[in-house]
Amino acid sequence: MSVRRDQSSALPHQGFPHSATVSAGPLLFTAGIAPIDADGAVTPENDVVGQTKQCLANLESVLAERGAGFTDVAKLTVHVAERMQVDLDVAWGAVVEVFGDGVPPTSVLGVTVLPLDGQLVEIEAVAALAAE
């Protein structure tokens, strides 16, 4: 089995020296997807729900590049840089709102800090790709 490392044209370059995605066989693994807009700015500021939805919109674009979508996501990990448990619940609520009845197994974790100024949320995913 070979490993394929890719950058994503769907995401602004964040200046990190790693791949946006790695596929190994039929599985696609994403790096942490930040809540950034087309200009590379964290958006919206100070809004866990909005940042969660922006991360998911960016994830959807990355998946689409590889011919996949939300129904192909096998696992999500949501990192929330807030001190209160309620913020994790709020992020989870945004995931449920976006995925509807098709929410994959998800871990929502509280973390101390994320890499970009103003960043409160980051999402990683594992998805199943169609055979190429």
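When the count follows numbering that gives the first Met the number 0, it moves up by one through the sequence shown with no breaks and lands on 131 for the last residue.
Glycine included, C-beta positions come from ideal geometry on N, C-alpha and C.
On a predicted model such as this, the values are computed, not experimentally measured, just so you know.
Output yes or no for whether 8 Å exceeds the beta carbon distance between residue i and residue j.
i	j	result
Val77	Leu108	yes
Val120	Gln50	yes
Ala30	Ala40	no
Val89	Val61	no
To the nearest angstrom, how far is it from the Cα of residue i to the Cα of residue j?
i	j	result
Lys74	Leu27	11 Å
Val125	Thr70	11 Å
Using DSSP's beta-bridge definition, name the partner residues of residue i.
i	result
Val107	Val77
Under 6 Å Cβ to Cβ from residue i, same chain only, skipping five residues before and after it: list those, please.
i	result
Val110	His78, Ala80
Arg3	Ser22
Ile32	Cys54, Asn57, Leu58, Ile122
Leu87	Val79, Val107, Gly109
Would you call residue i buried or exposed, if buried means 16 or more other Cβ atoms sit within 10 Å of its Cβ?
i	result
Gln118	buried
Val72	buried
Which same chain residues, not among the five before or five after residue i, have their C-beta less than 8 Å away from its C-beta?
i	result
Gly66	Leu128, Ala129
Can you list, in chain order, the residues of its chain whose CB lies under 7 Å from that of residue i, leaving out five sequence neighbours each side?
i	result
Phe98	Phe69
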